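Below is one structure; the comments refer to it alone.
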Amino acid sequence: MKLYLKFKEELEKLGGEVYSFKDLEDILKFLKRKIEEENIKKVALARLDKFLEEKLYSFLKNYVEVVKASEIGEDVDMGITGCDLALANTGSIVYSCEREEERLVTALPNTHIIILSLDKIAEDLEDSIEFLSKRSVTFITGPSKTADILGQIIMGAHGPRRVIALVLI
194 MKLYLKFKEE
204 LEKLGGEVYS
214 FKDLEDILKF
224 LKRKIEEENI
234 KKVALARLDK
244 FLEEKLYSFL
254 KNYVEVVKAS
264 EIGEDVDMGI
274 TGCDLALANT
284 GSIVYSCERE
294 EERLVTALPN
304 THIIILSLDK
314 IAEDLEDSIE
324 FLSKRSVTFI
334 TGPSKTADIL
344 GQIIMGAHGP
354 RRVIALVLI
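If you count by the working numbering, then the sequence shown holds residues 194 to 362, one letter each, in order.
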C-alpha cells in the first residue's frame, strides 16, 4: 500500500488522477460516470489482458462506440489501456508496445485511462531493470504539457490532457 500511496502522490503532483477500486464492477461504474460527465463518444482499448478487454468491451458498447487500437484516429475521445509497470517515485506509467497503434491509444485521445493492479507498482527504475533491459518501452509521466508558446503551460499539446490511473487494490 505504501507504493500505491507514493505513486498516487507523484502522479497527482503532475496533474494526473489516481483512484483505487476493490473490484472491476466499481471500475465499470466509474467509467460510465466519466463517459456521461465528459460526453465521451468513442473509446479505444489496448494493452489489456483478454479477460479485462472482453469485460470492458461488453460494458462500454452500451454507452459509446468502442474501437480497437488498429482503428485509432483523432476522433477517439478516450483511450483505456493496461500497463507493464508503474513507478512510484515518479508517478510514471511504463509500456512496452510492439505496434505503433497501441502506443497511439495512450497519446491521441484527450483522456487516457490506465487500469492496473497493485502488484504492477514498483518503487523505481532500479527495481524494474530486469524487465526494462529486455524491451523498448515508453514512459508516460502525467498529462501532456508544453511551455513552447510564450512560456505558458499548455495541457494536452502533444498527448492527453488527462491521465487517470485506476488501481485495483
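Glycine included, each C-beta is placed from N, C-alpha and C at the ideal position.
All of these numbers come straight from a predicted model, not from anything done at the bench.
Could you give the DSSP three-state label for residue i: helix, strand or coil?
i	result
T212	For clarity, residue 212 is Tyr in the given sequence; the question names Thr instead. Three-state result, Y212: strand.
V356	strand
I306	strand
L241	coil
If you count every other CB in all the chains shown that lies within 10 Å of the CB of residue i, and 16 or more means buried, which is it?
i	result
M271	buried
R355	buried
A340	Caution applies to A340, whose pLDDT of 49 falls short of 50 and renders its modelled position unreliable; the model cannot decide the point.
E203	buried
I346	Note that I346 scores a pLDDT of 49, beneath 50, so its modelled location is shaky; the value from the coordinates is reported in the next line. That one is exposed.
Are the beta-carbon atoms of residue i and residue j separated by less than 8 Å?
i	j	result
A239	E295	yes
C276	I228	no
V330	I273	no
V260	P302	no
Can you give the beta carbon distance from residue i to residue j, rounded, assuming they're within the 8 Å contact cut?
i	j	result
K199	I362	Not quite, the Cβ-Cβ distance comes to about 14 Å (not below 8 Å), so this is no contact.
G284	G209	6 Å
Where do the N-terminal and C-terminal ends of the alpha helix (DSSP H) with residue i fall, by residue?
i	result
Y288	Taken as a continuous stretch (DSSP letters only), Y288 belongs to no alpha helix (DSSP H), being part of the beta strand (DSSP E) at 285-288.
T299	293-300
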